[in-house]
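Chains A and B are the protein sequences, given in the same order. Sequential numbering of the first sequence, starting at 56, is according to the working numbering. Sequential numbering of the second sequence, starting at 628, is according to the working numbering. Where is the CB? At the ideal position from N, CA and C, for every residue including glycine. These numbers come from a predicted model, not from an experiment. These notes are about the structure you will find just below.
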Amino acid sequence: MSLLQVKNLSLKQGERLLIDDLSLQIGAGEAWIVLGENGCGKSTLLSALAGWFKPLHGQILLNGQSLPEVAPAQRAKSVAWQTQHDECPFPLTVLEKTLTGRHPHLSRWEWEGEHDLALALAQLARLDLRGFDKRDLASLSGGERRRVALATALTQQAPLLLLDEPLSQLDLRHQQQALQVLRTERAAGRSIVMVSHDPNHAAQFATHALLLFGNGEWQAGVLNEVLNTDCLSKLYHHPVSVIEQGGMCWFVPMH
Amino acid sequence: MSVVIPAALGTARLIPSKVAATMGLLALLLLLAVTASLCFGSTNYRPWQLWGGADEAALARDVVLELRLPRTLAAIAVGGLLALAGTLQQVLLRNPLADPYILGTSGGASVGALLALLLGVGTLGVNLAAGSGALISIIIVFLLAGSDHSSTQTRLLLTGVALAAFCGALSSLLLSMAPDGLLRGMIFWLMGDLAGAHWQSALALLAILLVLLWPLARELNIMGMGSEAAYSLGLNHNTLRWILYFAAALACALAVTTAGMIGFVGLIVPHALRLIIGQDLRLLLPAAALAGGIVLLLADILARTLIAPQQLPVGVVMALLGVPVFLYLLSHRGRR
């Protein structure tokens, strides 16, 4: 049984039909990249998969159970959702923010213990945030905050990670580092759905791709079936060509 | 915040021993403030005169035990309730500038209380009406401006100010309609004064709210981070939101029916505490309740002694202290 099943899902934002009749299955150890133009419904799809956005039609099953029927505490143990915006109005340290990922695993009277602390610090270290734990979140740069948010999602230790542009403000080295972390998580059996604006991220961690054309149309499948110059040119309404180097394919926009 | 806050004084997270140490320190400060409150006032009686000669002891007992002690307990209870209400509203609206006085919650409570007084219902009716007024004003602010997450949050503050002004006008209307016999008692609600206040139910509610809310503190921490984050971490945020509406309205209503309109405790106390002990509500919630009591008690000691033997309403002292702090915070946020 797949971890997440999407059946005939349609999403509408205001008057716009973003996704029409989407069906797919996400199994354990699969990593999906979601690509599309601005405003095509990538984030809306992710929030629907998290159970937050109510779909127009269709059904989402988490471990075979309809998502709205899954108990909130149980859902939080199965799905971690990193949203695009993570502003916090109150002063919060990096470690405090990261430790919120442990909330679903703690009972009401429990305090974060040594295990939770070690887990949170380990996730921060993986994303090159060692020594940041006492820093105020508001004092970090945008890219650093994105990495803290990713560390928080990882600390939640959920089998399914829904990541909304986790690499968007990261520099080159930290993007590569985060992609390596995602590869490791996938190899450990976690499933990932990641929204991105760079089709070249796909080959570095993904097994599958979902293209959203913004008019309800979509295309989903194994990476090398979906990710080609024709599809990407159609997706971005701009000619895309491919450069092969060292056995890797790099998609670049044409002039 | 424009200033980088050394959150939680260098510790990266809250540990139980820090909660115990901070609460112990605050309890000690409270004890000192209570001692000062029993010693100073508009007259020169001191507690140790209780054990003096017979005539002196009788007068000292009247002043210290019959006047200063109830007033002290009322200040602790009302200050605690207001600071608690402020902290809860700040979590609810995700805005550190929220305060029951600024957002019109106290105004709503006082309109309810005045209306009940005018209709001549009993004490319970006055309390219920004040509570309903506070609840309605909180919900109005939340519905109209709860989604304002801009960095300046102008809409939220403007909505609150407009609502407070509206409640002020309604209060004036009710006062102008009131018969002379009721007028004196009604004007009390607009002043904010602790003289002759009944502390029993306020202190009881403060204790009850703390006992009920503290177990929810970790969830409230996450709720303050945003509804999507709260949802994804498995919180039942709608239920929590209603708990907060009711708890903040109750706390504010009982503070108003006990001591009238006193502003800025709910703003200054949590704000100052966040700078020192951090944001974690497992400590901030009980600490704000204690520190709110301390601050209002100190303000009341000033109110009694500044122009002794005359007394100022404590609401005036709080506003004189609070408005400059509020304006300072507002200007700092604007420059972000």
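Near residue i, what residues of its chain come up, given a Cβ to Cβ distance below 7 Å and the 5 sequence neighbours on each side ignored?
| i | result |
| --- | --- |
| GLY637(B) | For GLY637(B), the predicted model reports a pLDDT of 49, less than 50, meaning its position is unreliable; a value from the coordinates is still stated below. Cβ within range, chain order: n/a, list empty. |
| ASP32(A) | The structure shown does not extend to residue 32(A), since chain A is modelled only from 56 through 310, so no value can be given for it. |
| THR786(B) | VAL768, LEU771, ALA772 |
| GLU846(B) | LEU862, LEU867 |
| MET813(B) | LEU741, LEU744, LEU802, ALA805 |
| LEU58(A) | ILE81, GLY82, ALA83, ASN118, PRO214, LEU215, SER246 |
For residue i, collect the residues of the same chain with a Cβ closer than 6 Å to its Cβ; drop the 5 residues on either side in sequence, then sort them by chain order.
| i | result |
| --- | --- |
| TRP136(A) | ALA105, LEU217 |
| ASP171(A) | ARG157 |
| PHE268(A) | none |
| ASN194(A) | One point to set straight first is that residue 194(A) is Ser, not Asn, in the sequence displayed. Counting only Cβ-Cβ distances below 6 Å, and skipping sequence neighbours, we find nothing. |
| ALA946(B) | GLY890 |
| LEU209(A) | GLN178 |
| ALA634(B) | Confidence in ALA634(B) is poor, its pLDDT being 40 and thus under 50, which makes the residue's placement unreliable; the coordinate value appears in the next sentence. Hits under 6 Å: GLY905. |
| VAL631(B) | Confidence in VAL631(B) is poor, its pLDDT being 39 and thus under 50, which makes the residue's placement too unreliable to answer from. |
| GLN120(A) | none |
| ALA791(B) | GLY731, GLY734 |
| VAL926(B) | Before going further, note that residue 926(B) is Ala rather than Val in the sequence given. Once the five neighbours on either side are set aside, the close Cβ partners of ALA926(B) are VAL941, VAL944, MET945. |
Does the separation of the CB atoms of residue i and residue j fall below 8 Å?
| i | j | result |
| --- | --- | --- |
| GLY861(B) | ALA128(A) | yes |
| PRO897(B) | THR714(B) | yes |
| LEU708(B) | ALA829(B) | yes |
| VAL203(A) | THR153(A) | yes |
| THR885(B) | ALA824(B) | yes |
| SER296(A) | GLY82(A) | no |
| ARG931(B) | SER669(B) | yes |
| LEU745(B) | LEU809(B) | yes |
| SER133(A) | ALA213(A) | yes |
| ALA875(B) | LEU658(B) | no |
| GLY115(A) | SER251(A) | Reading off the sequence shown, one finds Ile at residue 115(A), where the question assumed Gly. Their beta carbons are not under 8 Å apart, which means ILE115(A) does not touch SER251(A) by this criterion. |
| LEU90(A) | PRO254(A) | yes |
| ALA706(B) | LEU923(B) | Here the sequence assigns Gly to residue 706(B), which means Ala is not the residue at that position. Their beta carbons are under 8 Å apart, which means GLY706(B) touches LEU923(B) by this criterion. |
| LEU222(A) | ALA206(A) | no |
| LEU176(A) | GLU167(A) | no |
| GLN37(A) | ASP219(A) | This structure does not reach residue 37(A), given that chain A is present from 56 up to 310, and the question cannot be answered. |
For the beta strand (DSSP E) containing residue i, name the first residue and the last one.
| i | result |
| --- | --- |
| PRO308(A) | 303-308 |
| GLU299(A) | 295-300 |
| ALA275(A) | 273-277 |
| LEU696(B) | No beta strand (DSSP E) holds LEU696(B); the alpha helix (DSSP H) holding it covers 696-720. |
| LEU267(A) | 263-267 |
| ASP219(A) | 215-219 |
Quick one: residues in its chain with C-beta nearer than 8 Å to the C-beta of residue i, no 5 flanking neighbours on either side, listed in chain order?
| i | result |
| --- | --- |
| LEU653(B) | ALA914, LEU917, ALA918, ILE921 |
| LEU888(B) | The sequence given here places Met at residue 888(B); Leu does not occur at that position. So the qualifying residues of the chain are TYR728, SER733, GLY734, SER737, TRP816, LEU817, MET818, GLY819, GLY942. |
| THR148(A) | ASP188, LYS189, ARG190, ASP191, LEU192 |
| LEU665(B) | PRO674, VAL691, ARG695, LEU696, THR699 |
| SER848(B) | The residue asked about is misnamed: residue 848(B) is Asn in this sequence, not Ser. Closer than 8 Å at the Cβ level, and outside the excluded window around ASN848(B), lie GLN906, ASP907, LEU908, ARG909. |
| LEU912(B) | LEU711, THR714, LEU837, LEU840, TRP841, ALA844, LEU847 |
| GLY276(A) | HIS263, ALA264 |
Locate the alpha helix (DSSP H) running through residue i, then write down its first and last residues.
| i | result |
| --- | --- |
| VAL892(B) | 892-904 |
| GLY739(B) | 732-746 |
| LYS62(A) | No alpha helix (DSSP H) contains LYS62(A), which is instead part of the beta strand (DSSP E) from 59-68. |
| MET850(B) | 844-850 |
| GLY84(A) | Counting along the chain, GLY84(A) falls outside any alpha helix (DSSP H), and DSSP gives it neither H nor E. |
| LEU237(A) | 227-242 |
| VAL250(A) | That residue, VAL250(A), is in no alpha helix (DSSP H); its beta strand (DSSP E) goes 246-250. |
| LEU802(B) | 781-804 |
| ILE835(B) | 827-840 |
| PRO913(B) | 908-932 |
| SER288(A) | 284-291 |
| ARG190(A) | Taken as a continuous stretch (DSSP letters only), ARG190(A) belongs to no alpha helix (DSSP H), as it is neither H nor E. |
| ALA103(A) | 97-104 |
| SER759(B) | 750-772 |
- Whole runs of the alpha helix (DSSP H) within the segment 854-882 of chain B, excluding any shorter than 4 residues: 854-859
- Message: My parser needs the alpha helix (DSSP H) runs of 4 or more residues fully inside the segment 633-690 of chain B; what are they?
- Response: 643-666, 681-687
- Listed from N- to C-terminal order along the chain, which residues in the segment 105-118 of chain A have their beta-carbon within a distance smaller than 8 Å of any beta-carbon of chain B? ALA105, GLY106, TRP107
- Which residues, in order along the segment 157-188 of chain A, keep a beta-carbon less than 8 Å from a beta-carbon of chain B? HIS158, PRO159, LEU161, ARG163, TRP164, TRP166, GLU167, LEU172, ASP188
- Query: If you measure beta-carbon to beta-carbon, which residues of the segment 703-721 of chain B are closer than 7 Å to chain A?
  - Reply: ARG721
- Taking Cβ-Cβ distances below 9 Å as the criterion, which residues of the segment 116-142 of chain A are in contact with chain B? ALA126, PRO127, ALA128, GLN129, ARG130, ALA131, LYS132, VAL134, ALA135, TRP136, GLN137, THR138, HIS140, ASP141, GLU142
- Item | Interface positions of the segment 295-307 of chain A facing chain B (Cβ-Cβ less than 7 Å), listed along the chain | none
- Enumerate, from N- to C-terminal direction, the unbroken beta strand (DSSP E) stretches of 3 or more residues contained entirely within the segment 115-175 of chain A. 134-137
- Message: By the 7 Å beta-carbon criterion, what residues does the segment 195-207 of chain A contribute toward chain B?
- Response: none
- Task: Check distances from the C-beta atoms of the segment 854-874 of chain B to those of chain A and list, in chain order, the residues that come in under 8 Å.
- Result: GLU855, ALA856, TYR858, SER859, LEU860, GLY861, LEU862, ASN863
- Query: Taking any Cβ of chain A, which residues in the segment 719-753 of chain B have a Cβ under 7 Å from it, in chain order?
  - Reply: ARG721, ASN722, PRO723
- Members of the segment 836-852 of chain B that neighbour chain A once the beta carbon cut-off is set at 9 Å: PRO842, LEU843, ARG845, GLU846, ASN848, ILE849, GLY851, MET852
- Between the segment 894-909 of chain B and chain A, which residues of the former have a C-beta closer than 9 Å to a C-beta of the latter? ARG901, LEU902, GLY905, GLN906, ASP907, ARG909
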